[in-house]
Amino acid sequence: MKELVIIGHGPAGISAALYAVRGGAPVTILAKDDGALAKADTIQNYYGFANGISANELIKDGVNQAKNLGAKLLQKEVCGIEFGADGYEVKTTDGASLTAGAVIIAVGTSRNVPPVKDLAKFEGKGVSYCAICDGFFFRNKKVAVIGSGAYAKSEYAVLKNIIDDVTILTNGEQPAFDSPACNTKKIDRFEGEDLLERIVFEDGTSENFDGAFIACGSAGAFELAKKLGLEIGGNKITVNEKRETNIPGIYAAGDCVAGLQQIAKAVYDGMIAGIEALKYLKSLG
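Residue 286 is where the sequence shown starts when you use the working numbering, and the numbers rise one by one after that.
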């Protein structure tokens with residue numbers, strides 16, 4: 286059976302892993318960190334814990350449960366999902382690539398868009414969220430990558446294979462890497478007529494750019510969905526009752542799909558996604 290790759294090890298991702306691995310699927314879970322749940326203190330409204338349970342303990346126990354059943358857990362930051370010759374290729378910021386027959390996205394709802402004036406105005410008109418999707422259209426032009434972490438550096442690397450003139454703008458943050466060199470000025474606004482033409486900084490200076498690729502923080506559900514062409518409603522991935530997206534073999538569960546942002550709901554979502562992904566993998570032979 287082909288591999289199931291689950292992105293995120295919160296309640297939705299771990300629940301999906303438990304059902305899929307018990308059904309015989311080889312499962313790899315990818316997670317950069319413990320996500321939003323780790324910011325909580327004590328969980329008082331989840332079944333089975335009379336005195337509540339700390340968020341960190343719940344995360345740790347869930348991860349260990351999945352490992353004990355045979356799931357693999359890798360601490361890696363995912364930067365994209367691509368169509369591959371044998372299913373899908375899940376790319377990470379360290380340059381690794383995992384082949385998957387099916388993928389479950391369970392990474393929460395964060396949409397890492399900087400608060401820059403008129404950014405939304407130029408989405409699709411110079412502003413992009415996917416280097417590998419749109420870099421081709423900016424050949425022989427000048428583009429910026431906006432971000433300061435590993436995700437921004439990985440998008441820069443993709444673009445440099447296509448475009449000569451690429452600059453990373455950290456928007457006032459210190460870069461998490463030594464090279465390439467970055468412009469660390471704080472961005473005020475985007476300007477242009479019908480298309481993006483320039484980026485204006487808070488110090489009053491400006492620089493002409495034909496395109497800007499948004500790569501702030503880590504690639505969350507919104508960014509991964511945009512890259513792959515998944516349907517989105519607001520900042521949520523659109524799924525049916527089986528947690529299937531519009532692309533066969535790609536599922537989504539937890540806070541990145543519509544509904545209450547509660548652990549109980551995330552566990553239910555993960556169960557459905559894990560069962561349906563297992564059925565899909567079995568159908569592939």
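Cβ coordinates follow ideal geometry from the N, Cα and C atoms, glycine included.
Predicted model, so just to flag it, every value in this text is computed and none were measured.
Bridge pairing for I499: I431 [DSSP].
For K410, the CB contacts under 8 angstroms within the same chain, skipping 5 residues up- and downstream, are G477, D479, L480 and L481 in chain order. A check of alpha carbon separations from I344 across V552, L509, S503 and G365 identifies V552 as the nearest. The shortest CA-to-CA distance from A325 to any of I338, Y332 and N425 is the one to I338. Taking C-beta atoms under 8 angstroms as the contact rule, A429 and A497 qualify, at a distance of about 5 angstroms.
Counting of Cβ neighbours within 10 angstroms places G295 among the buried residues, the total reaching 16 or more. With fewer than 16 other beta carbons inside 10 angstroms of its own, G489 counts as exposed.
K564 has its alpha-carbon roughly 21 angstroms from the corresponding atom of V542. Cβ neighbours of G320 within its own chain (closer than 6 angstroms, five residues either side excluded): G295 and G393.
With a threshold of 16 other beta carbon atoms within 10 Å, R483 falls short and is exposed.
Distance between G544 and D450, taken at the CA atoms: about 43 angstroms. By the C-beta density criterion, Y373 is buried, having at least 16 other C-beta atoms within 10 angstroms. A Cβ-Cβ distance of about 5 angstroms is found for the pair A537 and V524, placing them in contact under the 8 angstroms criterion. Within the same chain, and ignoring the five residues on either side of L322 in sequence, the residues whose Cβ sits closer than 8 angstroms to its Cβ are G295, P296, A340, L343, I344 and I548. Take the alpha-carbon of A335 and the one of I292: they are about 30 angstroms apart.
Under the criterion of beta carbons closer than 8 angstroms, G298 and G555 qualify as touching, at roughly 6 angstroms. Distances from the CA of A316 to each of V306, S413, R307 and A302 were compared; the closest alpha carbon is that of A302.
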